[in-house]
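Participant: What follows is a single structure, and I will ask about it in a moment.
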Amino acid sequence: MATAVAHEAPATRSVLWSWITTTDHKRIGILYGVTAFAFFLLGGLEALVIRLQLARSENDLVSADMFNQLFTMHGTTMVFLAIMPLSAAFFNYIVPLQIGARDVAFPRLNAFSYWVFLFGGLILNSSFIAGPLFGAGSLSVAPNAGWFGYANLTSRAYSPGANIDFWVLGLQILGVASLAAGFNFIVTIVNLRAPGMRLMRLPVFTWMTLVTQFIVVTAFPVITIALVFLMFDRFFGTNFYSVSAGGDLLLWQHLFWLFGHPEVYILILPAMGIVSEVLPTFSRKPLFGYAVVVYSGLLIGVMGWGVWSHHMFSVGLGPIPDSVFAATTMLIAIPTGVKIFNWLATMWGGQLRFTTAMLFAVGFIAMFIIGGLSGVMHAAPPADLQQTDTYFVVGHIHYVLFGGAIQGIFAGIYYWWPKVTGRLMNERLGRVHFTLSFIGMNLAFFPMHFIGLLGMPRRVYTYGPELGLDTLNLVSTVGALLIGVSVLVFLVNAWRTRRHGDIAGNDPWGAATLEWTIPSPPPAYNFTVIPEVVSRLPRWSRTQMKAIPDVPPEPVHVPGGSYWPIVAAAGLAGMAVGALFHTLWVVLAAAAVLVVAIYAWAFEPFEV
Amino acid sequence: MTHAPAHAHATSTGLDNKKLAFWTFIGSECLLFGSLISTYLIYKGRSVRGPTPQEILNIPLTSVSTFDLLMSSLAMVLALAAVTRGDRLWARVWLGTTALLGALFLGFQAYEFTAFVHEGLTITTNLFGSTFFTLTGFHGGHVFVGVVWLLTLLVRSFQGKLGPDKTINVEIAGLYWHFVDVVWIVIFTVVYLIQ
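Chains as they are written, first to last, in this note's numbering: chain A, 1 to 608; chain B, 1001 to 1195.
Right, here's the structure in full:
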């Protein structure tokens, strides 16, 4: 049994190899964070090109076809390659620390999730330069049917190129990564809690992670099947979305949104969890109504399953379904509103410290309220019929996902950066980042409500000057560029403080939860001894937990790593590549690699 | 945890990690098959051309294969019991029997699929063909994985590496096997019996 107390893997291997074979949840968290942020920048660049194209009427910066690819990839990237994996970065790094564990339940499965996510993202984005390989007239054959890829726009008859193949195969691969991580984190949170860490002592971020993972493992099978149908239609000529064979196009919409609406909560609940950690710390007050926040998170997770058809009011399901889904949609605003009042009450009377993390957390509350209110507006079918497929909906989703999820994630980055790097971020640059981002997002997204209500549909590559929307669109574009500048400020801050920031120490914020009891960055084994938890806020409560010694009293076993996860992930990705080129032997060879890797993985000696 | 297998950690719930993960996996699989079965039901009777289920499904034959799969679940239970009490001979007999019955089920399915193709029903013929082959094919794929899994356990047993300390591995394989069996009962009812 390889027993090591060193912080790093044995030095006989190169640094690169140690990252490729790592099964350390902290390193995997960093890999997730860096990769997802790179995809976030890519999706952001796509957004900037979209906004530049729309800056004035009858613009011709990009072609209509390129525009389709850009908005499809922007949406797909931000949902599946940026926000979800950025949240996963926090799940990985923070959750084991918050529950007092030394790693996740299945460290190699965790590595597998990351590599599958990376390969899936690369396959999806390789479509931008893969045109010549498929005999296409253009360099780029990126997916072009929108991020919810409505049938039968996606059928072989109407999308003959490789574009949709990239989308359908890429998303299936990403689904595997999410599902594997889902099982892993459910078991980790349920089973790996330190002694005394009862469920109702879990930090809210960990609670929201748990709820999110339950949504993931139940929602992703549904999109998987929807995508399998689409793949079979495109590759084998089945009839699932074929109207001439009697198929119903609404099948796709139902399956997609049955996944798609829970997906919204997969994107936002982790951010809500982060905000629920940041606000108490910088208000110097325990979270107001902890239990209610937890229960409303659970309720959101459950109710999120009963609202999907509000994405489909305009297809004419009839008055009964429309009324039912309008009612459930309005109801789900209640637990969300409860959370908002709890956050406000947490701040009320607290000793507020407006660090950058706190600014983003407060910004989250404000912007999420706007996104939530416009959401309740189109919960009413008559209003929705005016708003659907216009820029109003684009404005709504960006208030929820940028003002909500991304701001929450930035709050988390500023909050936990010192824990991960051991260094504090520069607060002045942080405030510049927040201010530019906050102004930029409101300039970019608020006018979209008016642009939409004045009649501009989403997903058109240009518009005529007679609509009179040039000014509003220009304002929106300027806002988008401001967001871009704000992200550059963040990158400068991250680059500079990564090595040269002020030393953070164990707990730079005076926070309450378990991750702040250990050094920053934490040693490979996290805790020298597994802590015994005696209260919900271990560092704030009067009943002190037993101190954690600085050096392990006895040698701590650290797993040595494994390369089989990346081999298995490569096998899975290879199957998709073979399918892209309609080459059966590649699919079979890659499947063989996957099978060999699974067996080698199952039988390799690996002590957790 | 007095009977904890080697290397197992005491968990917060007392449940084995792998077992808990597998239960969540089964929960997830329920939605996978739920989506497939719902689609089959939604598209039932909507094919614009034949063959229809009434014309082509062979209920007596499939009843036999259903019985075969049910019996494999019984064999699985006996295999787990044998491994638990450390009875190597009977562990091998019952693991082998379970795998064999599973393979037999796949044989029935291969025969059924071939017969349908000869009678003019393929996955592209009509909505019934698309939904039927996809649903039962997904299930067959699960049975195939199960058979490979059981054969792997059988090999481990012959290698002398499937003692009572490995009961949990057999138990999890059993969970999978029973789940796949239960799914078939639903499919048999929905596709074959309720026409």
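We treat Cβ as the ideally placed atom computed from N, Cα and C, and that holds for glycine.
7 Å is my cut-off, CB to CB: does A:Phe606 come that close to chain B?
Facilitator: As a working mapping, residue 606 of chain A is identified with position 606 in the first sequence. So no, A:Phe606 is outside the interface.
Participant: When we look at the beta-carbon of A:Glu604 and count the other beta-carbons within 10 Å, is it buried (16 or more) or exposed?
Facilitator: The residue given as residue 604 of chain A occupies position 604 in the first sequence. That one is exposed.
Participant: By the criterion of Cβ-Cβ separation under 9 Å, what are the contact partners of B:Gly1107 in chain A?
Facilitator: As a position in the second sequence, residue 1107 of chain B is number 107, starting the count at 1. Ordered by position in chain A, no residue passes the 9 Å Cβ test against B:Gly1107, which lies about 22 Å from the chain.
Participant: I'd like the list of long-range same chain contacts for A:Trp305, defined as Cβ closer than 7 Å, with 5 residues on each side in sequence excluded.
Facilitator: Taking the first sequence and counting its residues from 1, the one referred to as residue 305 of chain A is at position 305. Correct list, in chain order: Pro262.
Participant: Do A:Met456 and A:Tyr399 have their CB atoms nearer than 7 Å?
Facilitator: Position 456 of the first sequence, counted from the start, is the residue given in the question as residue 456 of chain A. Position 399 of the first sequence, counted from the start, is the residue given in the question as residue 399 of chain A. Cβ distance not < 7 Å, so A:Met456 and A:Tyr399 don't count as in contact.
Participant: Would you list the residues sitting across from A:Thr390 in a DSSP beta bridge?
Facilitator: Taking the first sequence and counting its residues from 1, one reaches residue 390 of chain A at position 390. Answer by DSSP bridge pairing, in chain order: A:Pro457.
Participant: Chain B partners of A:Asn526, CB-CB under 9 Å?
Facilitator: Reading the first sequence from its first residue, position 526 is the one you call residue 526 of chain A. Correct list: empty, because the minimum Cβ distance to chain B is about 15 Å.
Participant: Using alpha carbons as the reference points, say which of B:Val1093, B:Thr1013 and B:Ile1026 lies closest to B:Ala1173.
Facilitator: Translated into the one-based positions of the second sequence, residue 1173 of chain B becomes position 173. The shortest Cα separation from B:Ala1173 among B:Val1093, B:Thr1013 and B:Ile1026 belongs to B:Ile1026.
Participant: Between the Cα of A:Gly440 and the Cα atoms of A:Tyr461, A:Gln407 and A:Ile451, which residue gives the shortest distance?
Facilitator: Here residue 440 of chain A refers to the residue found at position 440 when the first sequence is read from its first residue. Ranking A:Tyr461, A:Gln407 and A:Ile451 by Cα distance to A:Gly440 puts A:Gln407 first.
Participant: Classify A:Ile189 as helix, strand or coil using the three-state DSSP reduction.
Facilitator: Residue 189 of chain A sits at position 189 when you count from the first residue of the first sequence. Helix.
Participant: Pick from A:Ile340, A:Gly318 and A:Ala379: whose alpha carbon is nearest that of A:Thr328?
Facilitator: Taking the first residue of the first sequence as position 1, residue 328 of chain A is located at position 328. Looking at the Cα atoms, A:Ala379 is the closest of the given residues.
Participant: Go ahead and pull the three-state DSSP assignment for A:Pro605.
Facilitator: For the purposes of this step, residue 605 of chain A is taken as residue 605 along the first sequence, with counting starting at 1. Of the three classes helix, strand and coil, the one that applies to A:Pro605 here is coil, per DSSP.
Participant: Given A:Val485, which residues of its chain have a CB within under 7 Å of its CB, disregarding the five upstream and five downstream residues?
Facilitator: Position 485 of the first sequence, counted from the first residue, corresponds to residue 485 of chain A. Within the same chain, A:Val485 has close Cβ partners Leu436.
Participant: So which residues on chain B does A:Val187 lean against when the C-beta distance must stay under 8 Å?
Facilitator: As a first step, residue 187 of chain A is located in the first sequence; it is residue number 187 there, counting from the start. Result: Asn1017, Leu1020, Ala1021 and Thr1024.
Participant: If you compare alpha carbons, which of B:Thr1039, B:Phe1033 and B:Phe1067 is closest to B:Asn1105?
Facilitator: Working through the second sequence from its first residue, we reach residue 1105 of chain B at position 105. According to the sequence shown, residue 1105 of chain B is Phe rather than Asn. For B:Phe1105, the nearest C-alpha among the options comes from B:Phe1067.
Participant: Mind checking the segment 213-224 of chain A against chain B and listing, in chain order, the residues whose C-beta falls within less than 7 Å of any C-beta there?
Facilitator: Val217, Thr218, Pro221, Val222 and Thr224
Participant: Please list, in chain order, all residues of the same chain as A:Leu61 whose beta carbon is under 8 Å from its beta carbon, the five residues on each side excluded.
Facilitator: Translated into the one-based positions of the first sequence, residue 61 of chain A becomes position 61. If we look at A:Leu61 and ignore the five residues flanking it on each side, its Cβ neighbours are Val49, Leu52 and Gln53.
Participant: Is there contact here, the segment 328-348 of chain A with the segment 280-300 of chain A, by at least three beta-carbon pairs under 8 Å?
Facilitator: yes
Participant: Excluding the 5 residues preceding and the 5 following A:Asn426 in the sequence, name in chain order all residues of the same chain whose CB lies nearer than 6 Å to its CB.
Facilitator: For the purposes of this step, residue 426 of chain A is taken as the residue at position 426 of the first sequence. Closer than 6 Å at the Cβ level, and outside the excluded window around A:Asn426, lie Asn493 and Thr497.
Participant: Alpha carbon to alpha carbon, how far is B:Thr1013 from A:Gln98?
Facilitator: For the purposes of this step, residue 1013 of chain B is taken as the residue at position 13 of the second sequence. For the purposes of this step, residue 98 of chain A is taken as the residue at position 98 of the first sequence. C-alpha separation (whole angstroms): 18 Å.
Participant: Considering Cα atoms alone, identify which of A:Pro538, A:Ile320 and A:Trp308 is closest to A:Ile548.
Facilitator: Within the first sequence, the letter at position 548 stands for residue 548 of chain A. With distances taken between Cα atoms, A:Ile548 lies closest to A:Pro538.
Participant: What residue from A:Gly371, A:Trp308 and A:Tyr414 has the CA that sits closest to A:Phe360's CA?
Facilitator: Here residue 360 of chain A is taken as the residue at index 360 of the first sequence, counted from 1. Residue A:Tyr414 holds the alpha-carbon nearest to the alpha-carbon of A:Phe360 among A:Gly371, A:Trp308 and A:Tyr414.
Participant: Going by Cα to Cα distance, which pick from B:Thr1011, B:Val1048 and B:Leu1020 is closest to B:Phe1128?
Facilitator: Here the question's residue 1128 of chain B lines up with position 128 in the second sequence. Among B:Thr1011, B:Val1048 and B:Leu1020, the Cα nearest to that of B:Phe1128 belongs to B:Val1048.
Participant: Closer than 7 Å by C-beta to B:Ser1157: which residues in its own chain qualify, once you throw out the five before and the five after it? Chain order, please.
Facilitator: Along the second sequence, read from residue 1 onward, the residue named residue 1157 of chain B stands at position 157. Arg1088, Ala1091, Arg1092 and Leu1095, listed in sequence order.
Participant: Note the first and the last residue of the continuous alpha helix (DSSP H) segment covering A:Lys285.
Facilitator: One-based indexing of the first sequence puts residue 285 of chain A at position 285. Careful: A:Lys285 lies outside any alpha helix (DSSP H) and carries neither H nor E.
Participant: CB-CB under 6 Å to B:Phe1133, same chain, minus the five flanking residues each way: which ones, in chain order?
Facilitator: Along the second sequence, one-based indexing puts residue 1133 of chain B at 133. Answer for B:Phe1133: Ile1123, listed in chain order.
Participant: Buried or exposed: which applies to A:Ala6, given that a residue is buried once 16 or more other Cβ atoms fall within 10 Å of its Cβ?
Facilitator: If you number the first sequence from 1, residue 6 of chain A lands on position 6. Its pLDDT being 42, under 50, A:Ala6 is placed unreliably by the model, and the measurement read from it follows with that caveat. Looking at its Cβ environment, which holds fewer than 16 other Cβ atoms inside 10 Å, A:Ala6 is exposed.
Participant: For A:Ala105, decide whether its Cβ has a neighbour in chain B, counting only Cβ atoms nearer than 7 Å.
Facilitator: Here residue 105 of chain A corresponds to residue number 105 of the first sequence, with the count starting at 1. Chain B, which has a Cβ nearer than 7 Å to the Cβ of A:Ala105, makes this yes.
Participant: What does the alpha-carbon distance come out to for the pair B:Lys1018 and A:Trp257?
Facilitator: By one-based count along the second sequence, residue 1018 of chain B stands at place 18. By one-based count along the first sequence, residue 257 of chain A stands at place 257. Approximately 31 Å, taken between the alpha carbons.
Participant: For A:Leu406, which beta-bridge partners are listed by DSSP?
Facilitator: Residue 406 of chain A sits at position 406 when you count from the first residue of the first sequence. Residue identity check: residue 406 of chain A is Ile in the sequence provided, not Leu. For A:Ile406, which the question treats as bridged, DSSP gives no partner whatsoever.
Participant: Taking a Cβ distance cut-off of 9 Å, strictly less, list which residues of the segment 1040-1055 of chain B are near chain A, in chain order.
Facilitator: Ile1042, Tyr1043, Arg1046, Ser1047, Val1048 and Arg1049
Participant: Give a yes or no on whether 7 Å exceeds the smallest Cβ distance from A:Ala4 to chain B.
Facilitator: By 1-based counting over the first sequence, the position of residue 4 of chain A is 4. Confidence at A:Ala4 is low in this model, with a pLDDT of 40, below 50, so the placement of that residue should be treated as unreliable; the coordinate-derived value is given next. Not an interface residue.
Participant: What does A:Phe240 reach in chain B if we use C-beta pairs closer than 9 Å?
Facilitator: Residue 240 of chain A sits at position 240 when you count from the first residue of the first sequence. The contacting residues are Thr1039, Tyr1043, Leu1127, Ser1130, Thr1131 and Thr1134.
Participant: For the alpha helix (DSSP H) that contains B:Gly1034, what are its first and last residues?
Facilitator: Locating residue 1034 of chain B in the second sequence gives position 34, counting from the first residue. Start and end: Asn1017 to Ile1042.
Participant: Looking at the structure shown, is A:Arg423 part of a helix, part of a strand, or coil, going by DSSP?
Facilitator: The residue labelled residue 423 of chain A in the question sits at position 423 within the first sequence. Strand at A:Arg423.
Participant: Using only alpha-carbon positions, find the residue among A:Ile186, A:Thr218, A:Ile223 and A:Leu482 that is nearest to A:Thr209.
Facilitator: Counted from its first residue, the first sequence places residue 209 of chain A at position 209. Among A:Ile186, A:Thr218, A:Ile223 and A:Leu482, the Cα nearest to that of A:Thr209 belongs to A:Ile186.
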